[in-house]
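Chemist:
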Amino acid sequence: MRGLGLEAVAIARGNVELRGWVSSRATRALAARVVRAVPGIDTVTNNILVRGEDDLTPHDEPA
41 MRGLGLEAVA IARGNVELRG WVSSRATRAL AARVVRAVPG IDTVTNNILV
91 RGEDDLTPHD EPA
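All letters in the sequence shown, in the order written, are residues 41 to 103 by the working numbering.
(1) Taking the alpha carbon of V56 as the reference point, which residue from P79, G92, V84 has its own alpha carbon closest?
(2) Count the other CB atoms within 10 Å of the CB of L58; is the residue buried (16 or more) or exposed (fewer)?
(3) First and last residue of the alpha helix (DSSP H) that includes V78?
(4) If I'm right that N106 touches A72 with Cβ under 8 Å, what's the distance once you round it to whole angstroms?
(5) For G54, which residues from the same chain have a beta carbon less than 7 Å from its beta carbon, with the 5 sequence-adjacent residues on both sides left out?
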């Protein structure tokens with residue numbers, strides 16, 4: 041995960057939260073699948089953000 045710039049945070053036994061930024065939705069999904077395949081992992085909370093999608097902020101409407 042570190043090679044992707046991601047952080048896996050164990051919340052409780054068998055539960056993992058993923059955080060960080062990736063370049064595509066496919067990479068985000070792959071990271072979650074890889075972690076779910078680890079023996080002993082029951083729940084994965086995928087809070088990985090996709091660059092170019094999740095970093096956009098809405099523009100204020102002109103007054």
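Backbone N, C-alpha and C define an ideal beta-carbon position, used for all residues, glycine too.
Modeler: Walking through what the data contain:
(1) V84
(2) buried
(3) Run containing V78: none; DSSP gives neither H nor E here.
(4) Residue numbering for the chain in the displayed model covers 41 to 103; residue 106 lies beyond these limits and cannot be assessed.
(5) G80, I81, D82, T83
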